[in-house]
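Novice: According to my numbering, the sequence shown holds residues -12 to 273 in order. We put the CB at the ideal spot given by N, CA and C, even for glycine. Because the structure is a prediction, the values reported are computed rather than measured. Below are the C-alpha cells for one structure; questions will follow.
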Amino acid sequence: MTEWRDWPAWRRVIAAAQDQVGSAATVGADAALAIGDLLAKVVDVIPAAFPEAIVDAVDILSANQYAKAPITNLRNAVYLHIDDGPEAVAGAVADLERRIRQSWRGIALAGMEVIPEGGTVLIHSASSTVRTVLEMARDHKDFDVVCTRAMPIGEGTEMAAELRAGGFEVELIDDEVAIEFLPGMDVVLAGADAVGPTQVINKVGTAVLAGAAKAFGVPFYLLAATDKILPEVLFNAALQRRGREDLSEAISLDVFSGVTTENGVMDAEAVARFAGSILVAEGLRI
-12 MTEWRDWPAW
-2 RRVIAAAQDQ
8 VGSAATVGAD
18 AALAIGDLLA
28 KVVDVIPAAF
38 PEAIVDAVDI
48 LSANQYAKAP
58 ITNLRNAVYL
68 HIDDGPEAVA
78 GAVADLERRI
88 RQSWRGIALA
98 GMEVIPEGGT
108 VLIHSASSTV
118 RTVLEMARDH
128 KDFDVVCTRA
138 MPIGEGTEMA
148 AELRAGGFEV
158 ELIDDEVAIE
168 FLPGMDVVLA
178 GADAVGPTQV
188 INKVGTAVLA
198 GAAKAFGVPF
208 YLLAATDKIL
218 PEVLFNAALQ
228 RRGREDLSEA
238 ISLDVFSGVT
248 TENGVMDAEA
258 VARFAGSILV
268 AEGLRI
C-alpha cells in the first residue's frame, strides 16, 4: 500500500529530490515543508502508513540529494524521532524548516561585514544565502558584483539574472577566466552544499578558485547556515555516494577564510567542534 505516492505532498517531495538548480537551503526548506504536509496527510487519512511513508520519502530525498546537508539533516531528524511517534517527527521537521528559513538574517548580518565599502565581490555558482547577503549589504554600502557562470549547468548565469532583476549591476564571466579576475577582487563568496568537520562539498571549480584566492591573498568566505554542517559519519556517507559524473567536489576547509553562519564567522576548528556536537540517529551510523 503506497497510495501516498499519488498525493500532492508526495509530488513535492519528488520535485525537491529532483531539483538540481535550487540552492541547498531552498531545496532543504521546501523538502521539510513537503515532509511535514505528507506526515499530516498520512496521520489524517492512513495512520497505519506511519512511519513507512515518511521514511520512504526522506530516503528518496537523501538518495537524490546526498550532497545537500539540509536534506541529510532532515533525514537524520526524522530517524532520531521516528520511534517517538508522528507528533515528535512533525515537531522536529517543522523546527528544521523554521531554522533554515530564518537563518538567512543572521548570516546576512555577519556576511555583509566581510564586504568592503566600494569593493568588488566575486560570486561562484548560485546561492540563495549569498543573494540575501548581497541584498542586505546593498542597503548599507556600495560594491560591485562579478559572477562566474558555474558551468556545465550554468547556475551562475541564473544567479546573475536574479541579481540584475533585483537592481544589481552584475558582470558575468566564464569560469575559465575567474582566476584572472582574482587580483581585482576584494572578497569571494560562495554558498555550500554541505560542510563537514574538515571539508566542504561544493560546486565543481570551487577548489581551484579557493586555492587561487588564498595564493593571491583574497579572502574567500563560505556562507552557510549551521544546518549545513554535518557530523563526520554523515559527511563521509555523502562523499562515498558521489559518482564520477557528480558536479560537486570535496574541498579542505583550510583554504577558506571562514564559514559565515547565523552565529557569526566560524573557523575550521569551530566548525569541527560544532560538527562533533551533532547527534546522529542509530540507523544512520555506518
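Determine the DSSP secondary structure at K190, reduced to helix, strand or coil.
Specialist: Three-state DSSP puts K190 in a strand.
Novice: Terminal residues of the continuous beta strand (DSSP E) containing A54?
Specialist: Neither: A54 is in no beta strand (DSSP E) and is coded neither H nor E.
Novice: For T(-11), count neighbouring C-beta atoms within 10 Å of its own C-beta (all shown protein chains included) and say buried if the count is 16 or more, exposed if not.
Specialist: When all chains shown are included, T(-11) counts as exposed.
Novice: What are the residues that DSSP puts in a beta bridge with E236?
Specialist: According to DSSP, which records beta bridges pairwise, E236 is partnered with N189.
Novice: Entirely within the segment 90 to 125 and at least 4 residues each: give me those alpha helix (DSSP H) ranges in chain order.
Specialist: Here the runs fully enclosed are 115 to 125.
Novice: To the nearest whole angstrom, what separates the beta carbons of F130 and I102, a pair I think is in contact under 8 angstroms?
Specialist: Correct: roughly 6 angstroms between the Cβ atoms.
Novice: Residue range of the beta strand (DSSP E) that A255 falls in?
Specialist: No beta strand (DSSP E) contains A255, which is instead part of the alpha helix (DSSP H) from A255 to G263.
Novice: If you draw a straight line from the alpha carbon of R(-1) to that of A194, how long is it in whole angstroms?
Specialist: Taking the straight line from one Cα to the other gives about 33 angstroms.
Novice: Between the Cα of F207 and the Cα atoms of A19, L83 and M172, which residue gives the shortest distance?
Specialist: Of A19, L83 and M172, the residue nearest in Cα terms is M172.
Novice: Can you pull the DSSP bridge partners for A4?
Specialist: In the DSSP output, where bridge partners are listed per residue, A4 has none listed.
Novice: Would you list, in sequence order, the uninterrupted beta strand (DSSP E) runs of no fewer than 3 residues that lie entirely inside the segment 164 to 217?
Specialist: Qualifying beta strand (DSSP E) stretches, in chain order: 174 to 177, 186 to 190 and 207 to 210.
Novice: Taking 6 angstroms as the limit between beta carbons, can you name the residues of its chain near R228, skipping five residues before and five after?
Specialist: Cβ neighbours of R228 beyond the five flanking positions: Y53.
Novice: Select from Q186, A147, F203 and T116 the residue whose C-alpha is nearest the C-alpha of F168.
Specialist: Comparing Cα-Cα distances from F168 to each of Q186, A147, F203 and T116, the minimum goes to F203.
Novice: Determine which residues share a DSSP beta bridge with G245 and list them.
Specialist: G245 is bridged to Y208.
Novice: How many angstroms separate the CA atom of A44 from the CA atom of I22?
Specialist: Straight-line Cα distance between these residues: approximately 7 angstroms.
Novice: Hey, how far is the Cα of G245 from the Cα of E39?
Specialist: One C-alpha to the other measures close to 40 angstroms.
Novice: Nearest-angstrom Cα distance between L210 and R260?
Specialist: About 18 angstroms.
Novice: With a threshold of 16 other CB atoms inside 10 Å of the CB of K55, please say whether the residue is buried or exposed.
Specialist: With 16 or more Cβ atoms within 10 Å of its Cβ, K55 is classed as buried.
Novice: Could you pull the start and end residues of the alpha helix (DSSP H) that D24 belongs to?
Specialist: Per DSSP, D24 belongs to the alpha helix (DSSP H) from A11 to V32.
Novice: K190 and S112: beta carbons closer than 9 angstroms?
Specialist: A contact, by the Cβ cut-off of 9 angstroms.
Novice: Count the C-beta pairs between the segment 151 to 159 and the segment 178 to 186 that are closer than 8 angstroms, then say yes if the count reaches three, no if not.
Specialist: Not touching, per the Cβ criterion.
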